[in-house]
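Heads up: the sequence shown is residues 1 to 114, going by our numbering.
As structure tokens, the structure follows; a few thoughts come after it.
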Amino acid sequence: QLQASGGGLVQPGGSLRLSCAASESPFNINSMGWYRQAPGKQRELVPSISRTWNTNYEDSVKGRFTISRDNAKSTVYLQMNRLKPEDTAVYYCNTVMRWGEVYWGQGTLVTVSS
Numbered sequence: 001q002l003q004a005s006g007g008g009l010v011q012p013g014g015s016l017r018l019s020c021a022a023s024e025s026p027f028n029i030n031s032m033g034w035y036r037q038a039p040g041k042q043r044e045l046v047p048s049i050s051r052t053w054n055t056n057y058e059d060s061v062k063g064r065f066t067i068s069r070d071n072a073k074s075t076v077y078l079q080m081n082r083l084k085p086e087d088t089a090v091y092y093c094n095t096v097m098r099w100g101e102v103y104w105g106q107g108t109l110v111t112v113s114s
């Protein structure tokens, strides 16, 4: 199970930090990541991070978002800075297990608006 938190309403240029805690052992988790889905759009990968801390960012968030993970706590974080209205979406965390199974969190809404 994944429990995400940290979404909310923020003004353009502001910051938010999302957290997602997994109930699985960190030894069984390969990558962790954040996806987002805006109204009328497909879900897209925002950043992901492997168990060896290799990261992969979607172009529009490079330099503004930072993903990190605490392996001891099986938790992944997403620090979002300089938020834009187009970042508005429901953000989902996911984990990819060693054996390939993928788990999804329940989603947390991020709204960037003045």
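Don't be surprised by glycine CBs; every beta carbon is placed ideally from N, CA and C.
Closest to residue 104 by CA distance: which of 13, 45, 10 is it?
45
Specify, as a first and last residue, the run of the beta strand (DSSP E) that residue 14 falls within.
No beta strand (DSSP E) holds residue 14; DSSP gives it neither H nor E.
Mapping the DSSP letters down to three states, classify residue 28 as helix, strand or coil.
Of the three classes helix, strand and coil, the one that applies to residue 28 here is helix, per DSSP.
Check whether the segment 52-61 and the segment 5-14 are in contact - that is, three or more C-beta pairs closer than 8 Å.
no
Using a threshold of 8 Å, state whether the C-beta atoms of residue 77 and residue 7 are closer than that.
no
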